[in-house]
Amino acid sequence: MRYERHMTVCALVFVTLLLVAAAWAEDEMGETLYCGDFGYILTEDGSACVVKYAGRAQAVVVPSALDGYPVRAIGDRAFYQYESLRSIVLPNGITSIGDEAFFECSALKEAMLPQSLKHIGDMAFAQCNLYNGIELPQGLESIGAWAFFNGVSGFETELPESLTAIGDGAFAGCYQMEKFSISPDNPRYFVTDGVLYEKDTRSLLAYPAARKADSFVVPEDVEIIGSGAFYGCSSLMRIALPEGLTTIGNRAFSDCSSLTELVIPEGVTSIGKEAFSNCSWLIEIALPEGLTTIGESAFTGTQIAQFSISPDNAYFATIDGVLYDRATKTLLAYPSGRHTTEFVVPEGISAIAADAFNGSTTLAEIVLPQGLTSIGEGAFAWCSSLTELVLPEGLTSIGDRAFSSCSSLTELVLPEGVTSIGDETFDGCRSLVRIALPEGLISIGDEAFSDCWSLTKLMLPEGLSSIGESAFTGTQIAQFSISPDNAYFATIDGVLYEKATKTLWAYPAGRQNKAFVVPEGISAIAADAFNGCTTLAEIVLPQGLTSIGEGAFSSCSSLTELVLPEGVTSIGDETFDGC
11 MRYERHMTVC ALVFVTLLLV AAAWAEDEMG ETLYCGDFGY ILTEDGSACV VKYAGRAQAV
71 VVPSALDGYP VRAIGDRAFY QYESLRSIVL PNGITSIGDE AFFECSALKE AMLPQSLKHI
131 GDMAFAQCNL YNGIELPQGL ESIGAWAFFN GVSGFETELP ESLTAIGDGA FAGCYQMEKF
191 SISPDNPRYF VTDGVLYEKD TRSLLAYPAA RKADSFVVPE DVEIIGSGAF YGCSSLMRIA
251 LPEGLTTIGN RAFSDCSSLT ELVIPEGVTS IGKEAFSNCS WLIEIALPEG LTTIGESAFT
311 GTQIAQFSIS PDNAYFATID GVLYDRATKT LLAYPSGRHT TEFVVPEGIS AIAADAFNGS
371 TTLAEIVLPQ GLTSIGEGAF AWCSSLTELV LPEGLTSIGD RAFSSCSSLT ELVLPEGVTS
431 IGDETFDGCR SLVRIALPEG LISIGDEAFS DCWSLTKLML PEGLSSIGES AFTGTQIAQF
491 SISPDNAYFA TIDGVLYEKA TKTLWAYPAG RQNKAFVVPE GISAIAADAF NGCTTLAEIV
551 LPQGLTSIGE GAFSSCSSLT ELVLPEGVTS IGDETFDGC
């Protein structure tokens, strides 16, 4: 009996230890641990996934193990925007690189990938500068969407035989790429004359952007032009598309800056987002009768003077060369190559699509219909001659960048139905002197009024609950004002503060004072809060201050004296740039 009781006790102790160990492991999984400069998490199989790099080295070698745990993966955004990184060496054993893992590592010239690697995530090396190209391991199975977008400067990429999946636009914008190559034994992909194709879908996936030919004939059996397939092919002036083509993908011909001649076959039913954006010499395009889908901003940055489509098309129509969506009563695209100075949007139109008038630089006046309810992102961006625009009372939605760089626009009244101003909505409206905000306005986005040089006065509504970073940077506002009943923001002597976080949100850059004392009790200075306050020579900060945001004092060109309190623990990038 004593023996049995002893065994029972031992069993209970063993089970308890297992439960404790399991609980410990569960706590550890998902928690970021640190080994030197590397932050990692433990995965279910007991391996480490690198999720953060906290060092400052230009050449980084990831170890094969961290605290004894084998490194098997680089996580999403692990080295995201690490601008000092010049080279990276990954150890054998790593099987996966996460989405945006090295996104915008703009100085990254060399990446050594291990033979164990199976997967490269979406945009993993986008916006890098892999000068000598990149050697893909023979066991690699998948490459994510836009994985090397504008990221590889090498002349040739050899794709491994093992590759079974290539995402949209994986090699788009690789401007030095002269040809692709792949083993003829690959079951899914093949290369002909340096151009990459997919067998089953009959897709042209990638044309090498550095090729100097001024024309190209797409093979007759191709049915799909893949996303980003011809992105940045700046030498091509003429592209002949086959009669059997049905689909043109997102950004398929974006930045083909020399393209002047392209006929879309009658069988094409779908044109993707930004498909022809920034084809700056494209002046004419005829849309096929069977077309059913046109993506946003498909023709932005072209010089098309007139759109045309068969009147029998059930989905789209053109009136006087302007393109409309029948079902949604949306103005899709105004031909920016037209050089008229005014335009009247027809009655019955309820929406202006994203980038619809973008870059229509000669338009000085646009008349909008009373039934208009929505203006899309970038809809009037870069309408640099636009001086007059009356927004109808029924308007309720204005997208990000909607009026960005309308540099001649002097005044605007936002209707009462508008509750939100998006990011960069009025960015670069340098002549804007007056804007009336509706009482129902709830939010103002990041950089919403940045670089509105002529804006000196702005009354913020009582119901405003959210203001984005750098919303008023580059203005000449001399004093902010807001109702004392606002629950989220307050002004003291014309300076804007956020109540809950005790943050100085914006100092009026148009004020001519030479000194300013930040009130006691303020714990944070927001991003760009004093940006461009050129007359301030002295700023006194409170002892309770703990955080200073990005660019907070940038371009304070007269600032001679600033004492940082002992409690400051965080200072953002470019805080004193231009001082």
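In terms of this note's numbering, the sequence shown opens at residue 11 and continues consecutively.
Positions of the beta carbon are idealized from the N, C-alpha and C atoms, including for glycine.
The bridge partners DSSP lists for residue 362 are 341 and 385. Per DSSP, reduced to three states, the secondary structure at residue 129 is strand.
By the Cβ-count criterion, residue 54 is exposed, with fewer than 16 other Cβ atoms from all chains shown falling within 10 Å of its own Cβ. Approximately 7 angstroms separates the beta-carbon atoms of residue 134 and residue 110; this is inside 8 angstroms, confirming the contact. Inside the stretch 217 to 284, DSSP marks whole beta strand (DSSP E) runs of 3 or more residues at positions 225 to 227 and 248 to 250, from first to last along the chain.
For residue 45, the enclosing beta strand (DSSP E) has its first and last residue at 43 to 45.
Residue 499 and residue 492 do touch by the CB rule: their CB atoms are close to 6 angstroms apart, below 8 angstroms. Residue 198 places its beta carbon less than 8 angstroms from that of residue 208.
When DSSP states are grouped into helix, strand and coil, residue 80 belongs to the strand group.
Contact annotation: the stretch 313 to 329 does not touch the stretch 264 to 272, with fewer than three C-beta pairs closer than 8 angstroms.
Taking every protein chain shown into account, the CB of residue 285 has 16 or more other CB atoms within 10 angstroms, so this residue is buried.
Under DSSP, residue 164 shares a beta bridge with no residue.
Pairing residue 557 with residue 537 gives a Cβ-Cβ distance that is not under 8 angstroms. In the structure shown, residue 189 adopts extended strand secondary structure according to DSSP, grouped into three states. CA-CA distance, residue 563 to residue 548, rounds to 11 angstroms. Cβ neighbours of residue 395 within its own chain (closer than 8 angstroms, five residues either side excluded): 351, 371, 372, 373, 374 and 418. Secondary structure note for residue 375: its beta strand (DSSP E) is the uninterrupted segment 375 to 377. Within 10 angstroms of the beta-carbon of residue 261 lie 16 or more other beta-carbons, which makes it buried.
Put simply, the backbone Cα of residue 214 is about 27 angstroms away from that of residue 112. The shortest C-alpha to C-alpha distance from residue 139 to any of 313, 402 and 94 is the one to 94. From the listed residues 527, 339, 250 and 145, the smallest Cα separation to residue 275 is found for 250. Annotated three-state conformation of residue 505 is strand, per DSSP. DSSP links residue 208 through a beta bridge to 199 and 213. In this structure residue 508 does not touch residue 473 by the C-beta definition: roughly 15 angstroms separates them, more than the 8 angstroms allowed.
Residue 364 and residue 308 have their alpha carbons spaced roughly 10 angstroms apart. Within the DSSP bridge table, the entry for residue 468 names 490 as partners.
Unbroken alpha helix (DSSP H) stretches of 4 residues or longer found wholly inside the stretch 48 to 116: none.
Non-local beta-carbon contacts of residue 168 in its own chain, meaning distances under 6 angstroms to residues more than five positions away in sequence, involve 191 in chain order. Measuring C-alpha to C-alpha distances from residue 96 to each of 105, 122, 104 and 257 identifies 122 as the nearest. Within its own chain, the residues whose Cβ lies closer than 7 angstroms to the Cβ of residue 322, once the five positions on either side in sequence are excluded, are 299, listed in chain order. Restricting attention to 237, 441 and 559, the CA atom closest to the CA of residue 283 is found in 237. Taken in chain order, the complete beta strand (DSSP E) segments of 3 or more residues contained in the stretch 417 to 456 are 421 to 423 and 444 to 446. Residue 228 and residue 125 have their C-alpha atoms some 35 angstroms from each other. Per DSSP, residue 515 is one residue of the beta strand (DSSP E) stretching across 513 to 516. Among the bridge pairs identified by DSSP, residue 293 is matched with none.
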